[in-house]
């Protein structure tokens, strides 16, 4: 059984560029412990050679023992206690992938009592406050299914190549430090200092809500005294080694040989001689640091087990460039490699540039085929890359404005009802970061596609108006997650701000109101979106209005016909992704779509238009 105190916490593309070299560092605790050890040794020497009082020796001995205790718990000691070959490492990763997460809550109740003691020599009573432990309890959260996202052996291969190329591509000093050349054999070795933190995440809204309720109910029902110590422990049902040293060798997969001094016995000797700090510094400089995420998405629903092999690609948002790149790969891909040469013997791409995607045969997140900029390995933003759409697309947008216009006004309209909306300019927003965030959210919604009812199958008004008008362009959308093109009204200045930064839920409702609760509001009717739009009073777009034509992952929708904030709030705890406010069916006006997560929205088109009044 193992445990970790890690809590859950994600976007680089996969590109043939060197990964920045990283090494573990000597931390403040290690430095402080070394200073305590040096001070303790100095105090003991003062007693021995200068005949100082015995208290010097006792104090120094305590300090020195504390220094040795820190050595036993140090990450350097754990690295050298667990040395793996490539084969051992892959076997361990597969064990971690198969392991199930355990989330345990514990509580210890206690109070303080005054305890009196009598000192006969001083003929005096002394009263001290002493802690008294009382009721203790622990409980394990029930987990029915798990989606594992631990980096797989295939991703291991990709990571090794990225690190190897990084070490070989930098200066000769780094090559000397990190890559070990075995004289007379031509063998090369790369040492990895691997850290395996646990990250457990609820996979869906139902599990998130259930986890919060379970925790609250457990602590409330087991609170029986004045004070409590509460804790949450995350562990696996297998042996979890949180740090290990991995030896990669061009000579094969079973090699564990490393420099003669890189042994725990030498670390112990250097520690006893107060040389442990420089030893650790040198050890860390000779090994490439890798954080190997053991990530599990858990659910209380056993029906979700069929989707547990679907990759979520949540690692693409990692701040570690190497992890973000391999996180885009399909973890289920198998890679065949040479038994003689290990991972390093995979064929390299032309010009010695390794294309991990080509080797793995795993597609990453792709930009739409009709975009001008499609290389997601290079960050691009709409502030620089807003482009006028073609006349054909402008005509399609104008058709949407016409087909989805209903001559009907509600109390949300500030002025007169126009007879037509005429598009004057259409721009397409191409943003690599917003798009990858959106696709990741859409992929997570797809895991629950079996629980999603299509919009046209919900009671009420039938198919979405934009869907009826788009024709063959509906092929761009994923109907299984209720992905729709919807309108969001604003001002020209407002839509440009949303386009560059994405939706902010606190701003999205500031103009449109919150009839169906807080969230981002969208309309299928252009005339409804126009009710929330406003003209710019001056500037380039003076007198013009603006709407966004957005891709929206509506997912599982909760349908209501009247404003009912309490019901909407309960629906969010019940696993719904959004609300369908169907005032069209109830009052003959409009349907509105409300979503709760900014990542469910990609603002793809900016439409600058004018109102026409007959």
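In full-length UniProt numbering, the protein residues as written are 1 to 614.
Built from N, CA and C at the ideal position, the CB exists for glycine as well.
Residue i, buried or exposed, once every other Cβ within 10 Å from all chains shown has been counted against 16
i: residue 349; result: At residue 349 the pLDDT is 35, less than 50, meaning the model places this residue with poor confidence; the figure from the coordinates comes in the next sentence. The residue in question, residue 349, is exposed, as its Cβ has fewer than 16 Cβ neighbours within 10 Å.
i: residue 263; result: exposed
i: residue 540; result: exposed
i: residue 526; result: buried
i: residue 103; result: buried
i: residue 465; result: buried
i: residue 532; result: buried
i: residue 472; result: exposed
i: residue 362; result: Here the model assigns residue 362 a pLDDT of 39, short of 50, so the residue's position is not dependable, and the following value carries that caveat. With 16 or more other Cβ atoms within 10 Å, it is buried.
i: residue 583; result: buried
i: residue 380; result: buried
i: residue 598; result: buried
i: residue 592; result: buried
i: residue 557; result: buried
i: residue 265; result: exposed
i: residue 609; result: buried
i: residue 55; result: exposed
i: residue 344; result: For residue 344, the predicted model reports a pLDDT of 42, less than 50, meaning its position is unreliable and no value from the coordinates is stated.
i: residue 24; result: buried
Whole-angstrom distance between residue j and residue i, CA atom to CA atom
i: residue 483; j: residue 200; result: 28 Å
i: residue 405; j: residue 299; result: 42 Å
i: residue 32; j: residue 520; result: 51 Å
i: residue 611; j: residue 560; result: 31 Å
i: residue 191; j: residue 293; result: 18 Å
i: residue 544; j: residue 425; result: 10 Å
i: residue 39; j: residue 79; result: 27 Å
i: residue 444; j: residue 432; result: 19 Å
i: residue 442; j: residue 555; result: 8 Å
i: residue 237; j: residue 375; result: 41 Å
i: residue 222; j: residue 210; result: 18 Å
i: residue 42; j: residue 127; result: 37 Å
i: residue 218; j: residue 142; result: 13 Å
i: residue 29; j: residue 196; result: 20 Å
i: residue 632; j: residue 259; result: Any question about residue 632 goes unanswered here, given that the chain covers just 1 to 614.
i: residue 232; j: residue 574; result: 24 Å
i: residue 537; j: residue 601; result: 28 Å
i: residue 246; j: residue 151; result: 15 Å
i: residue 551; j: residue 277; result: 55 Å
i: residue 230; j: residue 490; result: 47 Å
i: residue 421; j: residue 411; result: 19 Å
i: residue 467; j: residue 90; result: 48 Å
i: residue 452; j: residue 570; result: 18 Å
i: residue 297; j: residue 487; result: 33 Å
i: residue 402; j: residue 477; result: 21 Å
i: residue 586; j: residue 408; result: 15 Å
i: residue 515; j: residue 436; result: 30 Å
i: residue 495; j: residue 450; result: 34 Å
i: residue 65; j: residue 139; result: 36 Å
i: residue 281; j: residue 267; result: 11 Å
According to DSSP, residues forming a beta bridge with residue i
i: residue 608; result: 425 and 546
i: residue 523; result: 487 and 592
i: residue 109; result: 228
i: residue 581; result: 560 and 592
i: residue 195; result: 243 and 291
i: residue 114; result: 129
i: residue 85; result: 247
i: residue 601; result: 552
i: residue 148; result: 296
i: residue 271; result: Looking at the DSSP assignment, residue 271 forms no beta bridge with any residue, so it has no partner.
Close Cβ partners of residue i (< 8 Å) along its chain, the five nearest in sequence each way excluded
i: residue 92; result: 84, 241 and 244
i: residue 301; result: 144, 145, 204, 206 and 207
i: residue 124; result: 118
i: residue 44; result: 56, 57, 60, 61 and 64
Residues near residue i in its chain [Cβ-Cβ closer than 7 Å; skip 5 each side]
i: residue 131; result: 110 and 112
i: residue 397; result: 423, 426, 549, 605 and 607
i: residue 493; result: 536
i: residue 595; result: 519, 520, 552, 554, 577, 578 and 601
i: residue 225; result: 109, 110, 111, 134 and 135
Sequence-distant residues of the same chain with beta carbon closer than 6 Å to residue i, five excluded per side
i: residue 75; result: 243
i: residue 271; result: 71
i: residue 67; result: 33, 36 and 37
i: residue 117; result: 126
i: residue 517; result: 565 and 568
i: residue 136; result: 108
**Message:** Please give me, in chain order, every unbroken run of the alpha helix (DSSP H) with length at least 4 that falls completely inside the stretch 207–261.
**Reply:** none
**Request:** Within the stretch 393–451, note down every full beta strand (DSSP E) run reaching 3 residues or more, in order along the chain.
**Result:** Runs of the beta strand (DSSP E) inside the stretch 393–451: 420–428.
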